[in-house]
Structure formats: structure tokens, C-alpha cells
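J.: Take this structure first; my questions come after.
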Amino acid sequence: MAKSAEEENQQKAFGWAATDNSGILSPFNFSRRENGDDDVTLKILYCGVCHSDLHTLRNDWGFSFYPVVPGHEISGVVTEVGKNVTKFNIGDRVGVGVLVGSCKTCECCEQDLENYCPRIIFTYNSYNPDGTKNYGGYSDMIVVDQRYVLRFPDNLPLDAGAPLLCAGITVYSPMKYYGMTEAGKHLGVSGLGGLGHVAVKIGKAFGLKVTAISSSPQKESEAINRLGADSFLVSNDPEKMKSAIGTMDYIIDTVSAVHPLLPLLSLLKDGSLLEEVMLEG
Numbered sequence: 001m002a003k004s005a006e007e008e009n010q011q012k013a014f015g016w017a018a019t020d021n022s023g024i025l026s027p028f029n030f031s032r033r034e035n036g037d038d039d040v041t042l043k044i045l046y047c048g049v050c051h052s053d054l055h056t057l058r059n060d061w062g063f064s065f066y067p068v069v070p071g072h073e074i075s076g077v078v079t080e081v082g083k084n085v086t087k088f089n090i091g092d093r094v095g096v097g098v099l100v101g102s103c104k105t106c107e108c109c110e111q112d113l114e115n116y117c118p119r120i121i122f123t124y125n126s127y128n129p130d131g132t133k134n135y136g137g138y139s140d141m142i143v144v145d146q147r148y149v150l151r152f153p154d155n156l157p158l159d160a161g162a163p164l165l166c167a168g169i170t171v172y173s174p175m176k177y178y179g180m181t182e183a184g185k186h187l188g189v190s191g192l193g194g195l196g197h198v199a200v201k202i203g204k205a206f207g208l209k210v211t212a213i214s215s216s217p218q219k220e221s222e223a224i225n226r227l228g229a230d231s232f233l234v235s236n237d238p239e240k241m242k243s244a245i246g247t248m249d250y251i252i253d254t255v256s257a258v259h260p261l262l263p264l265l266s267l268l269k270d271g272s273l274l275e276e277v278m279l280e281g
């Protein structure tokens, strides 16, 4: 039986998908589009696990379109490039984050703020303008417009770099935007989950004094010895919190559970900044 025109322009892919809100992943065969003139095809080698993947798998937010192949912290190697691609070559080490499309013409896109584009296309659990569905990085390959592909520096391992495409940019972007980067200043990082541990590392890379803030005392060793935090503060210890009042220049709060903000605000110096970067769930 002859293939349809649509089938002729597709290639086989394999991934892991949830088919209902049980969140259980099963082997899944599906199709990706053929590499277009502006496209880059990646062999996926690593994909980070974002907590939003788990929420989407279970339809916690009410807008999951099954089957869902999650994953938006993708790293791998370029295997094919389109004729208009100028940024990448076969063999390049690259990554793909949360976005794989936008209108490219609105004011937001022209200012490199595609995440605000009203026609944004997400890496998975979304649809393209032609009605085809997007599947994420829990798979063996992906085809993406070159605009939304990022090059990895030679000194960044693909496995370590993958989480930077979501957790990393989530904490890095507000730190840069709000000027929370002055070496020697004191940064508090509230929460040591997926975002918090990256925030500690980025803070140290900026030359900041970093205090990890957590309600879990057992995380102190990890925060200091593995992540490089300068100090550790137990958020539910009244005496420890009192001793730190007015000592911090910036705080990044990554705790998604309901919690009071006043204790964190009290840690800040006058005129300092508290940044909230959690995702409800």
C-alpha cells in the first residue's frame, strides 16, 4: 500500500509515553516530521526530569493531551541539518528546552522573548500550527527549528547540562534580569529541590556568598559539601532564623508548597530583593 504524502514526510521515533493520568510510562512508537530547511535533527542522549513532567503525566493541571511523551531538558548530538541552517553542523553537541516554536514576528519574538509569544509552541503536550502533536525528550530523537536549539560549550557534559535547560534558566534568568549577580553579595536560596540546588551552584559561579535555606536539617551536608553553599539555615528553627535577620541581599524562593513569606522577608536587608520562582503543584 502506497504511503500518503503526510507519511512520506515523517520518520519513525521511539519514546516512553503515558496514556492516562496514572502517569505510568510505556514504550511508544510515533512519528516525527522529516528534517526541514530550517530544522536540526538531534539524536537524544540525555533528558532531565522536571517536576512539571510528573504533573503533566498525571494531568494534575487539567490540560494533558494523551498520549504524553514528556521531557524538555534535552541534550544530544546533531545528526542532520536543513539547507538554511547556519548555526549548527552534524556532530555538534546541543540542547532543546521548553520551547520549540513561536510566531517569530511579534514584538516579543523580535526581542528574543519568545516565552511571551501568544503563539508559543511547547516541546511536548502541545500542537503545531498544522495540527500535528509534539512529543518530548523521553525519546530517541527530535526535529526542531534551529532558532530553538542551543549549543553546548565543549566543557559542559551533556548529562550535567540537560537540567540547565529548565531548572537552570529558571533561576539564572531572574538573577541576571534583577542584577542579583554582584560578587560578594549574600544570596539566600530557599528550598533545595530541582531549582534550589542549581541556584546554589549558579550563585557561587557569580561569586556570591550563598546560604541554603531548608526545613530539612539533613540536607546541610549536601548543601555545603556537594553544592558549595557557604552556610546552611534551618527555616523552622526560630533561633537560627532570628540570628540571620537582615543579613541577605537577595533571596530566591524555590519552595512550591504553601509557606509564609514573612520569615524570608525578615532575612533581607532594607531595599533588598525576594524572587519567587516555584511552580504550583
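This note's numbering puts the first residue of the sequence shown at 1, with every later residue one more than the last.
Don't be surprised by glycine CBs; every beta carbon is placed ideally from N, CA and C.
As the structure is a computational prediction, the values presented were derived from the model and not from experiment.
1) For the alpha helix (DSSP H) containing G136, name the first residue and the last one.
2) What are the partner residues of T254, as DSSP defines its beta bridges?
3) If we count the other Cβ atoms within 10 Å of its Cβ and call it buried at 16 or more, is I283 buried or exposed?
4) Do V98 and F65 count as a contact pair if the criterion is CB distance below 8 Å?
5) Between the beta-carbon of F232 and the beta-carbon of I245, is there less than 8 Å?
6) Going by DSSP, what residues sit across from Y127 in a beta bridge?
7) Can you tell which of S256, L264, V258 has its C-alpha closest to the C-alpha of D237?
8) Helix or strand or just coil, what does DSSP make of I169?
9) Please list, in chain order, all residues of the same chain as Y250 whose beta carbon is under 6 Å from its beta carbon, the five residues on each side excluded.
10) May I ask you to verify whether the region 15 to 28 touches the region 52 to 68, counting CB pairs closer than 8 Å and requiring at least 3?
11) Which residues does DSSP list as the beta-bridge partners of T181?
12) For L187, report the span of its beta strand (DSSP E) as first-last.
13) Using only alpha-carbon positions, find the residue among T79, G203, C109 that is nearest to G95.
14) Among all the DSSP beta bridges, which residues are the ones paired with Q146?
15) Terminal residues of the continuous beta strand (DSSP E) containing C109?
16) Tell me the rounded alpha-carbon separation between G196 and T41.
17) Flag this pair as touching only if the region 136 to 156 and the region 100 to 115 have three or more C-beta atom pairs under 8 Å; answer yes or no.
18) Within 8 Å (strictly less), CB to CB, does N225 reach chain D?
T.: On the basis of the coordinates in this document:
1) DSSP places G136 outside any alpha helix (DSSP H), giving it a letter other than H or E.
2) According to DSSP, which records beta bridges pairwise, T254 is partnered with nothing at all.
3) Only positions 1 to 281 of the chain appear in the structure, and residue 283 is not among them; the question remains open.
4) No; because the gap between Cβ atoms is not below 8 Å, this pair is not in contact.
5) When the beta-carbon positions are compared, F232 and I245 stay at least 8 Å from each other.
6) Bridge partners of Y127: K133.
7) Closest option to D237, Cα to Cα, is L264.
8) Three-state result, I169: helix.
9) So the qualifying residues of the chain are M180, L187, L273.
10) Short answer: they touch.
11) According to DSSP, T181 bridges with nothing at all.
12) Looking at the DSSP string, the run of the beta strand (DSSP E) that includes L187 is 186 to 190.
13) Nearest C-alpha to G95: T79.
14) According to DSSP, Q146 bridges with nothing at all.
15) It is not in any beta strand (DSSP E) - C109 instead sits in the alpha helix (DSSP H) that spans 107 to 110.
16) If you take the alpha carbons of G196 and T41, they lie about 32 Å apart.
17) Here the region 136 to 156 lies against the region 100 to 115, with 3 or more beta-carbon pairs under 8 Å apart.
18) Absent here is chain D; the protein component of the structure consists of one chain.
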